[in-house]
Amino acid sequence: MAPNTDSYTRTLIVTLKSPPVGKLTLQILELTSVNPRTVDRIYSRAIAAGFEPNVLPLKILLHHVQDASRSGRPAKQIEEVKDGLSLKGVEISASTVWRVLREAGYKKTKPTRKPRLTQEMRSARLKWAIDHRDWTLEH
């Protein structure tokens, strides 16, 4: 399944593709902008999970359209362990620190800010403007 198909979209796809509604895969593509192969896969997984398309009223349960578990290496540390390690002062790797800080929204550089005008700069600008009040391009 594509990562942008949330449970509401999957429920809509299962409803539209079921025989009582009877939309074709290409019609569902036009309505939801979900790839036709993904539409077919969502529908077949719902049927495999126990969805009965010919029973009225349609009964779509959460486990019919639930997102499948993702493969990949799970994080080694859970929140309780992280908190416990930080309280005990246990050493952690620099890459772990960077990853945790990035997840918290920190960046590696400080945002630049334009410095404000000082009172001296303001008075110099005002003096220049007063001196050149009647200034023209011909000079």
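Numbering (our numbering), first residue to last: 1264 to 1402.
Where a beta carbon is used, it is the ideal one built from N, C-alpha and C, also for glycine.
One alpha carbon belongs to leucine 1348, the other to arginine 1273, and they sit about 40 Å apart.
Shortest Cα-Cα distance from aspartate 1303 to any of Pro1320, Lys1322 and Val1328 involves Val1328. Leucine 1294 sits close to leucine 1279, with the two beta carbons spaced by under 8 Å. A Cβ-Cβ distance of about 35 Å is found for the pair proline 1337 and serine 1281, leaving them out of contact under the 8 Å criterion. For the 8 Å CB-CB criterion, valine 1344 and alanine 1309 do not form a contact.
One alpha carbon belongs to valine 1284, the other to arginine 1333, and they sit about 31 Å apart. Apart from sequence neighbours up to five positions away, the residues of its chain that approach leucine 1321 with a beta-carbon distance below 7 Å are Thr1278, Ser1281 and Pro1283, ordered along the chain. Linking lysine 1351 to alanine 1387 through their CA atoms gives a straight-line distance of about 57 Å. Selection Gln1382, Thr1381 and Trp1361 evaluated against threonine 1372 yields Trp1361 as nearest (Cα-Cα).
Under the DSSP assignment, alanine 1312 falls outside any alpha helix (DSSP H); it carries neither an H nor an E label. Rounded to whole angstroms, the separation of the alpha carbons of leucine 1380 and tyrosine 1271 is 53 Å. In the DSSP annotation of this structure, the continuous segment of the alpha helix (DSSP H) that includes lysine 1345 starts and ends at 1342–1351. Short of 6 Å from the beta carbon of alanine 1312, and not among the five residues preceding or following it, lie these beta carbons of its own chain, in chain order: His1326 and His1327.
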